Each structure stands twice: as C-alpha cells, then as structure tokens.
Amino acid sequence: MKFYLKWHYKPTRINDVLTFTSDLIDAKDLLTLIQDIEKTGRVQQLELIDELGKEWSKKELDRYLNEALEAPHHIVVYFDGNYNRQTNEAGLGIVIYYTQNNKFFRIRKNEKISDMDSNNEAEYAALWMALQEIEALQTQEFSIQIRGDSQVVINQLSEEWPCYEENLNRWIDRIEQTMKKLRLRANFTLLPRNQNSEADKLGSQALEGNEISSIIELNGPYK
C-alpha cells in the first residue's frame, strides 16, 4: 500500500506555516521519512492519507506494517481467456504472484466454462476468476497489478473505452463491486500477447480438458 504524507512546517525566520504534500510513498518507507521530518523539530502536524483517501494515525500505520508482512502483498495478476466459437466454451487461465512472510509464491489455475458469447466475455471471466483467488488470499494490500493482453478489458476497466455490450457491462459491474468490497485499487497494464504466454497456455490447456491448480514457493521475488 502507498500513502501521501502531508505536513505543516514552521520555518525559522518566516511567520507563516507552510504545508507540503508528498508523492505516493510505499508504506514501508513512510516511517523513515516521518522520523527524518520530525527531527527538524519544526513540524506542527502530520497527516497520513492512503490511496483511497482514508486518513491514518501513526499507530494504525505501525499495526498495518506488522500485519502486512503476514498477509499476501505485492500482488501481480496475469489473466487470459481462450474462446471456442463452435462450442461457445472458454478456457480461462490466471497466474498470480505475491509475497507473504518474506516468501514468494505463484498461483497457476485454469478452468473450462460454457455459455460464453465471445472472446471478450472469456477475458472478463478470466479476470473475475483471478479476483476470486485474491479474495481467498485475504490480502490487506490495497494496490494490485493487473496485466493482460485484452485491449477491450484493460481499456474498458481503465475507463479509456466505453462499453456498450450489456453482457460485458454485467462483468464490469461484478468486477468493480468485488474490487470495491476488497478495497482494491488496480493498476492495469496492457501487454503484448507474447508477454502473457503463461496465462494464455493455461487457458488453452483448459479448453483441451487439462485442469491445473497449483501454488508453489519461488526462490525470489517476482519482477
């Protein structure tokens, strides 16, 4: 999670109190910055504001940092949906990387579903499946990375493109409601198809009837 730090500062030889607001700062770096600012002895008030606009106390930040190490964080999601026009079936593939207790993990999962109307709907269904996995992780992270090669999904959820299809709007509503419930803020990245090959392969395997569901510990952090 990231925060804005706002502080009111009384310089020497100036009567006015000046107000400064930082850029977004990782929570783990925030306490060090606060300590540096407070050493000046001229700070009259500090305000901590998270990405969603909520104000925090230093005690709440301390508690969050202690608890955050035990909960999944630094979450990166890859999703892809493969669609068979002849059968209206879709193969969904997702890959989720995250950190927990200073260890690094990867989830790989796929699923075959029926009654899909288009490849775009299959892509939305894959992202929805990924959000269900994130909910099950019980993360306390507010910001996640979502990466996929679907221009429609990425641009519509980023509000770059409008959505006129009723069935896709239902998926958008479902996804946005889930993210609101989990208090997640997503950073969407549109990938070239060759950079989404892991999720794409899982989707293809699902269409072929090969179900995969695994979680492994990695040797180091995902980059």
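Remember, my numbering sits 284 above the position in the sequence shown when you count from 1. Ideal Cβ placement from N, Cα and C applies to all residues, glycine included. Computed from a prediction, not measured in an experiment: that's the story for all the values here.
Backbone secondary structure at residue i - three-state DSSP
i: Y408; result: helix
i: N403; result: helix
Burial state of residue i, where buried means 16 or more other Cβ atoms lie within 10 Å
i: P505; result: exposed
i: Y381; result: buried
i: S398; result: exposed
i: N478; result: exposed
i: S434; result: buried
i: A311; result: buried
Reference residue i; option with closest CA among the options
i: N394; options: Q479, R347, L486 and V436; result: L486
i: Q536; options: E460, C447 and A374; result: Here the chain covers residues 285 to 507 and nothing more, so residue 536 does not appear.
i: A483; options: L452, V379, D346 and V327; result: V379
i: P356; options: S402, E335, T383 and F472; result: T383
i: D386; options: N480, L349 and N299; result: Per the sequence shown, the amino acid found at residue 386 is Asn instead of Asp. Closest option to N386, Cα to Cα, is L349.
i: V360; options: R392, L345 and W340; result: R392
i: F472; options: L315, V436 and C447; result: V436
i: R469; options: E495, Q429, N366 and R458; result: Q429
i: T303; options: C447, L314, I321 and N451; result: I321
> Mind pulling the beta strand (DSSP E) runs of 3 or more residues that sit fully within the region 287–373?
Replying inline: Runs of the beta strand (DSSP E) inside the region 287–373: 302–305, 327–334 and 357–368.
> Would you call the region 395–411 and the region 426–443 touching, i.e. three or more CB-CB distances under 8 Å?
Replying inline: A contact exists between the region 395–411 and the region 426–443.
> In chain order, which beta strand (DSSP E) runs of at least 3 residues are fully inside the region 423–495?
Replying inline: Taking only runs of at least 3 residues, the beta strand (DSSP E) segments lying wholly in the region 423–495 are 427–432 and 469–474.
> Quick check: the region 420–427 against the region 440–459, are there 3 or more CB pairs under 8 Å?
Replying inline: Note that the region 420–427 does not touch the region 440–459; fewer than 3 beta-carbon pairs, one per stretch, sit closer than 8 Å.
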